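Just below is one structure, and these are the notes that go with it.
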Amino acid sequence: MREPGREPARQAAYQRATRETQIRVVLNLDGKGKAAVTTGVGFFDHMLESFARHGLFDLTVEAQGDLHVDAHHTVEDVGLCLGEAFRRAVGEGRGIRRFGEATIPMDEALVRAVVDLSGRPYLVCRLALQGPRLGTMETQLVPEFFRALATRGGFALHIHQLEGENDHHVVEAAFKAVARALDQATGLDPRVEGVPSTKGRLVDDEEAGGLPGPAPAAGSQPAPESHPGAGGGGPWS
């Protein structure tokens, strides 16, 4: 549940340009689910639109990438930029719930996502995808997107497929579940005073260690799946 007036507008815009991609992301955490997405990868656009709608985020994504090679750089770099937008929009994290979870069905598929806005990047992605592609997007890029999102966003993300045989259904349920979990975690709770941490305060970036620094070069690998990202205690331990 949103709490208008508790915080200033929780929005962020972020741009990133390399020789492989040019990306612009605008995010409003307290939106209404409006999306304007253009990446050149049709299935990915559909997933990001579903992400915005079901997370109730207002989201703009404009991406141009080297699709003549493949969609890897575009999908991964959009994840990095969206993660950075989340990190900036959340800011110090005062008054947020911090944790979020959602279990979402789509026909025979059932996927659970759990988020901790801990400042420590971590991904566990357990999706048993069977086919090589969904439209023009390789299925192996799905965990790459979530890895980039969690790494640059500075949060722990667990995604588990509980049921499902159709890859489209499984992936769409995953995007919706992550969106709902992030909506819950970034939501404001009037009972929370300050930062939701036993530390009682935010630590410095240097002390945190888990706060992401500059974006990795396009095509580089962020924190490995199921392994911690940058070490050290995050700002909301």
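Each residue of the sequence shown is one higher than the one before, starting from 1 at the first, in the numbering used here. Glycine included, every Cβ here is placed at the ideal spot set by N, Cα and C. These numbers come from a predicted model, not from an experiment.
DSSP places Glu-92 outside both helix and strand once states are collapsed to three, so it counts as coil. One thing to note: Arg-53 has its Cβ within 7 Å of the Cβ of Gly-33. The region 22 to 38 makes contact with the region 76 to 83: 3 or more CB pairs, one atom from each, lie closer than 8 Å. In the DSSP assignment, the residues bridged to Phe-99 are Asp-116. Per DSSP, Arg-16 lies in no alpha helix (DSSP H) segment; the continuous beta strand (DSSP E) that holds it begins and ends at 11 to 17. Short of 7 Å from the beta carbon of Ala-109, and not among the five residues preceding or following it, lie these beta carbons of its own chain, in chain order: Glu-163, Gly-164, Asn-166, His-169, Val-170 and Ala-173.
In the three-state scheme derived from DSSP, where H, G and I count as helix and E and B as strand, Leu-59 is classed as strand. Leu-188 is bridged by DSSP to Ile-96. Rounded to the nearest angstrom, the Cβ distance from Ala-89 to Gln-11 is 6 Å, consistent with a contact under 8 Å. For Val-37, the enclosing beta strand (DSSP E) begins and ends at 35 to 38. The beta-carbon distance between Ala-71 and Glu-138, rounded to whole angstroms, is 7 Å. This is short enough to meet the 8 Å contact definition. If you draw a straight line from the Cα of Gln-15 to the Cα of Gly-83, it is about 12 Å long.
Residue state for Leu-157 is assigned as strand, using DSSP reduced to three classes. One alpha carbon belongs to Thr-151, the other to Val-114, and they sit about 15 Å apart. Remark: C-beta atoms of Arg-98 and Leu-117 approach each other more closely than 7 Å. If you draw a 10 Å sphere on the C-beta of Gln-161, you find 16 or more other C-beta atoms in it, and that means buried.
Under a 10 Å Cβ-count criterion, Arg-191 is classified as exposed, with fewer than 16 other Cβ atoms of the shown protein chains found around its own Cβ.
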